[in-house]
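In mature numbering (1 follows the signal peptide of the UniProt record, and there is no 0), the protein residues as written are -19 to -1, 1 to 637.
Every residue gets a Cβ at the ideal spot worked out from N, C-alpha and C, and that includes glycine.
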């Protein structure tokens, strides 16, 4: 039974030498019983911590606008953040491994771990408002600083007269207040497609105002946007204005660094994990995986005393860097038009980015200088190559050759998955139901999972870091193997599936942006002075080749891909709204196989039917059982997950 600790708000005071976490407050404690026989019982701690930073310290000087932040009496810059920690009640039952899971847009929880690992999450995204159940950070404002702000708006409901000026996906965040409400000092552009030339609206045709209850020009409001006659849902709108008082968002990197350095090194009683942490590992998925890449790239894996913070790292489904260390950055964005994130260094080994004129760089340059590089396991999937611009990280900006990985890096590719893989999994013969809030796509949602494979890989990462047991060689598609090709049906070998869209035109194009003088592209840091950015050129991108079923080759396939019931894609087609007919975000698709040979012949479908492959339901289940055993033996699947997937096959409607 979960219980709340009697000592709420127990204050643990930290010393000045402990990575500058100056106070850690446990506000609530729960107990989590063993989740299975033999597993340890856990304590779950929830609370908040406070820290401060020396803005002149080499590890902090990289933070954009930190010199403009207010100082405390000691001349340091203060911040605070929430945290949650799950740790075994009995220290002897702990593994010594700590998994720090970077929250995605504030979403992050901890729970008991079957292997005795410590689990930690904490806030880092300073533009999220504090709210129950979210991990957030409070960072200072660089009062008086100004700069150009860009915010796009698409797919507003018909009849909309007023929009809140917010950014990010998933959890909207307020954008900075304008210096002036005078629209003559700002711009509002509209366009019929991302490829169309933007058309400016006259300054008299829109206002910083609320027109919901009072007709245009409405009631002046610096947080809202109103257009005379209302917004056209068929168009995208781009607001460009001078903003003021930016949050010093880059402090989020230091907050993660200092909390984890504190948990690893600080003594009791201030530190609830004193003496327990030997092998800390940082993981992040999507946005938070981009955070992991930027954290390493900016040198934050060395604490203020020069010690390594994390021994291992897993950036998962993360093709870019996170636009956090930028004045007026939007860390919750998602690779849309004009949005920063792909401009910096994207590769683990040293590469000369001649196409963009950025010179030699590597994501590991900073940690190599301080001898603090972690062992890295990068996991990435199909949707990242199609929707999130992963290609240059594998083949460079010229797409001419495979980029070699350094010895401390492994890369494992999840073929034919949507972004993050299916969270439902199983074998749904019609595909996965659409997720709430997802765009409406032409193809059914892709039910191919990647989480099962990733769980097995994370176990291998923990062994690599703690025992020195090297994981398998990297497995991902390459040019050398003939597995990476141009994003066209012809180059991919795409089968002519009747009534299904072609992959042609469904890549999220990678554009080379010029954000103006002084921006630090390699570190994705500084001030964006040119908004919207000039587009210098498109960057070529490659995608995996497919087999005769339309499923990708290369990488580490799931059981669902090895025993297919359809074609699984990392791309899809937007069915309605702005951009219809183009890419459907980073949502993958599914095209079911015909049940019988007669059905597929009547349709003109070149793919073998379910009956031709498996004969009947029992034959299908037998094939799943065989492949599951092979995947467990190869180390790509944990036994518990294999048993569950076999049970899902038995319960499925395949050939029922």
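If we ignore side chains and look at the alpha-carbon of each, how far apart do residue i and residue j end up?
i	j	result
residue 617	residue 434	6 Å
residue 515	residue 337	13 Å
residue 364	residue 587	24 Å
residue 216	residue 559	6 Å
residue 625	residue 407	9 Å
residue 499	residue 507	7 Å
residue 597	residue 637	8 Å
residue 544	residue 108	44 Å
residue -16	residue 24	Below a pLDDT of 50, predicted positions are generally treated as unreliable, and residue -16, at 35, falls in that range; no measurement from the model is reported.
residue 325	residue 503	4 Å
residue 202	residue 50	27 Å
residue 602	residue 400	27 Å
residue 167	residue 134	16 Å
residue 355	residue 48	29 Å
residue 530	residue 252	55 Å
residue 484	residue 475	8 Å
residue 463	residue 526	8 Å
residue -2	residue 241	Per-residue confidence for residue -2 stands at a pLDDT of 44, beneath the threshold of 50, marking its modelled position as unreliable; the derived number appears in the next sentence. Cα to Cα, residue -2 sits roughly 10 Å from residue 241.
residue 144	residue 608	51 Å
residue 642	residue 390	Outside the displayed range of the chain (-19 to 637) lies residue 642, so it cannot be described from this structure.
residue 8	residue 628	41 Å
residue 151	residue 87	10 Å
residue 556	residue 417	16 Å
residue 83	residue 439	15 Å
residue 239	residue 634	51 Å
residue 501	residue 219	24 Å
residue 631	residue 599	8 Å
residue 46	residue 52	13 Å
residue 37	residue 505	20 Å
residue 115	residue 156	19 Å
Spatial neighbours of residue i within its chain, please: C-beta separation below 7 Å, excluding the five flanking residues on both sides.
i	result
residue 274	296, 299, 302, 344
residue 270	296, 297, 298, 299
residue 403	413, 427, 428, 429, 430
Could you give the C-beta distance for residue i and residue j, rounded to a whole number, given that I count them as a contact under 8 Å?
i	j	result
residue 126	residue 308	7 Å
residue 172	residue 181	Rounded, the Cβ-Cβ distance is 10 Å, inconsistent with contact.
residue 398	residue 260	About 29 Å separates the two Cβ atoms, so there is no contact after all.
residue 347	residue 229	Contact flag wrong, Cβ pair sits at about 20 Å.
residue 520	residue 409	That pair is no contact at about 36 Å.
residue 340	residue 385	That belief does not hold up - the Cβ atoms of residue 340 and residue 385 are roughly 18 Å apart, past 8 Å.
residue 80	residue 264	6 Å
Residue i: which of the options sits nearest, CA to CA?
i	options	result
residue 234	410, 566, 280	280
residue 523	517, 467, 535, 551	467
residue 15	436, 481, 70, 471	70
residue 287	231, 328, 236, 353	353
residue 470	402, 550, 428, 436	550
residue 18	94, 327, 73	94
residue 480	573, 519, 440, 55	573
residue 492	284, 317, 465, 565	317
residue 106	196, 387, 632, 304	304
residue 592	580, 40, 282	580
residue 140	161, 210, 561, 528	210
residue 199	62, 142, 276, 96	142
Tell me which same chain residues have a C-beta within less than 6 Å of the C-beta of residue i, skipping the five on either side of it?
i	result
residue 638	Lying outside -19 to 637, the shown extent of the chain, residue 638 is not represented and no answer is given.
residue 426	412, 413, 415
residue 255	248, 249
residue 66	26, 101
residue 538	396
residue 111	117
residue 437	617, 618, 619
residue 204	146
Got a sec, what are the start and stop residues for the beta strand (DSSP E) residue i sits in?
i	result
residue 60	58 to 69
residue 76	Premise fails: residue 76 is in no beta strand (DSSP E) and is neither H nor E.
residue 96	It is not in any beta strand (DSSP E) - residue 96 carries neither H nor E in the DSSP assignment.
residue 489	No beta strand (DSSP E) holds residue 489; DSSP gives it neither H nor E.
residue 12	2 to 13
residue 205	205 to 208
For residue i, which residues from the same chain have a beta carbon less than 8 Å from its beta carbon, with the 5 sequence-adjacent residues on both sides left out?
i	result
residue 128	223, 224, 227, 308, 309, 508, 509, 510
residue 442	262, 293, 295, 356, 358, 452
residue 164	184, 185, 187, 188, 189
residue 138	214
Taking the alpha helix (DSSP H) that residue i belongs to, which residues open and close that run?
i	result
residue 243	232 to 246
residue 433	432 to 448
residue 591	591 to 595
residue 172	No alpha helix (DSSP H) contains residue 172, which is instead part of the beta strand (DSSP E) from 168 to 172.
Is any beta-carbon of chain C found at less than 7 Å from that of residue i?
i	result
residue 497	No chain C appears in the structure shown, which is made up of a single protein chain.
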